[in-house]
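Below is one structure, written out as structure tokens; comments come after it.
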Ligand SMILES: [Zn+2]
Ligand SMILES: [Zn+2]
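Residue numbers (the working numbering): 418 to 758.
The structure is reproduced here in structure tokens:
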């Protein structure tokens with residue numbers, strides 16, 4: 418019997434249901450876990466995504482894309498296969514995909530984070546027989562501190578830069594991370610400027626009822642204004658080492674990412690600070706989630722899949738690597754930063 422989901426040249430396919438999940442080729446029916454560019458590719462005939470992700474997917478795919486939505490937990494049936502979406506806690510509108518056929522249940526995690534960020538629907542483990550999990554940070558060295566502690570560190574760093582007359586510039590992925598950083602900033606400290614790539618996704622978050630400190634367009638920044646050096650700037654990693662940065666005068670630059678857990682990454686990029694803030698599960702989060710699904714079979718993709726699947730086999734699971742063409746978090750914005758070392 419054919420497995421319920423299998424990797425084909427266009428991506429993860431459900432032949433019984435006639436759809437793909439996060440296909441990398443153009444297909445008829447594409448179920449999309451979230452709008453990061455390595456998961457949501459252009460060219461499919463119909464897209465299905467979570468209701469709260471509609472506007473973000475629209476911003477990614479353009480006005481002509483046909484986008485249908487499901488609210489979390491709502492079930493749709495295709496050729497007798499039940500499909501539903503469940504919160505993944507990764508970025509606004511991110512979903513796990515639950516697929517059920519003749520009593521057999523598979524769940525595809527997409528990217529997920531297990532700590533609630535206080536903005537979007539928090540991650541919910543879903544019971545299943547086979548769980549396809551990402552493993553971006555699937556090494557035991559990756560263990561996150563609580564975000565409240567990270568936000569306190571970021572605000573302290575901002576205050577220190579103000580006393581030294583330097584503009585604070587923090588880099589974070591424009592969809593998800595940048596909004597999360599913004600939500601943790603103390604807006605009473607000074608003006609907050611956002612790069613256009615970050616500003617682009619704010620309306621969708623605000624439409625979902627999420628409140629942010631007041632922001633200004635980074636193109637309106639002026640060094641001659643009296644409070645300029647008290648400012649915080651949020652920008653995508655691709656803005657690092659570009660002429661765009663020069664307008665901010667003397668800056669202290671930081672990067673917020675799970676990769677900052679590894680010190681060499683920060684040094685290579687000549688950053689002043691690295692804040693370990695990730696929109697993915699850490700090692701403990703991955704293991705806790707795998708247990709909570711009750712799945713006997715785990716397929717691991719998207720990251721340190723060999724390490725995690727070996728650990729799972731050694732600890733009694735049936736586990737394998739599935740080779741998807743998903744890339745790592747760093748490539749979601751065309752970054753060249755390698756995850757290793
Ligand atoms: Zn993602
Ligand atoms: Zn991803």
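All C-beta atoms in this analysis are idealised placements derived from N, C-alpha and C, irrespective of residue type, glycine included. Fair warning: this is a prediction, and the values are worked out from it, not measured in the lab.
Compute the beta-carbon to beta-carbon distance between residue i and residue j, rounded to the nearest angstrom, for a pair I have assumed lies under 8 Å.
i	j	result
residue 709	residue 554	With a Cβ gap of about 18 Å, residue 709 and residue 554 do not count as contacting.
residue 507	residue 530	6 Å
residue 549	residue 510	Their Cβ separation, rounded to whole angstroms, is 19 Å, which puts residue 549 and residue 510 out of contact at 8 Å.
residue 675	residue 551	Wrong, their Cβ atoms sit about 12 Å apart, outside the cutoff.
residue 452	residue 461	That belief does not hold up - the Cβ atoms of residue 452 and residue 461 are roughly 13 Å apart, past 8 Å.
Measure the alpha-carbon distance for residue i versus residue j and round it to whole angstroms.
i	j	result
residue 663	residue 570	25 Å
residue 576	residue 597	19 Å
residue 454	residue 477	8 Å
residue 494	residue 651	42 Å
residue 755	residue 497	A caution first: residue 755 carries a pLDDT of 33, below 50, which makes its placement in the model too unreliable to give a value.
residue 753	residue 520	Only weak support exists for where residue 753 lies, its pLDDT of 32 falling under 50; the value from the coordinates is given anyway. Looking at the two C-alpha atoms, the distance is approximately 43 Å.
residue 619	residue 491	26 Å
residue 655	residue 731	40 Å
residue 418	residue 685	49 Å
residue 671	residue 444	40 Å
residue 585	residue 440	38 Å
residue 591	residue 690	19 Å
residue 523	residue 740	17 Å
residue 449	residue 463	10 Å
residue 567	residue 692	7 Å
residue 630	residue 610	11 Å
residue 704	residue 727	13 Å
residue 640	residue 526	45 Å
Could you check if residue i is buried or exposed, using at least 16 other CB atoms within 10 Å of its CB as the buried criterion?
i	result
residue 483	exposed
residue 667	exposed
residue 621	buried
residue 505	buried
residue 702	buried
residue 426	exposed
residue 758	For residue 758, the pLDDT reaches just 27, beneath the cut-off of 50, and the residue's location in the model is therefore unreliable, although a value from the coordinates is still provided. Result: exposed.
residue 533	exposed
residue 581	exposed
residue 712	buried
Let me check understanding here. Comparing Cα to Cα, which of the options lies closest to residue i?
i	options	result
residue 738	547, 499 and 630	547
residue 633	648, 418, 513 and 641	648
residue 574	601, 545 and 519	601
residue 636	612, 627, 659 and 619	612
residue 776	608, 564 and 490	Because the chain is modelled from 418 through 758, residue 776 falls outside the range shown and cannot be assessed.
residue 642	653, 690, 729 and 665	665
residue 673	500, 734, 696 and 536	696
residue 687	658, 550 and 733	658
residue 723	488, 556 and 599	556
residue 706	464, 536, 541 and 589	541
residue 715	627, 735, 728 and 604	735
residue 489	500, 467 and 471	467
residue 459	479, 471, 469 and 562	479
residue 544	501, 536 and 564	501
residue 718	626, 428 and 499	428
residue 456	438, 431, 469 and 470	438
Could you tell me if the beta carbon of residue i falls within a distance shorter than 7 Å of some heavy atom in ligand 3?
i	result
residue 612	Of the ligands one can find in the structure shown, namely ligand 1 and ligand 2, none is ligand 3.
Touching by the beta-carbon criterion (3+ pairs, under 8 Å), the segment 510-519 and the segment 668-687: no
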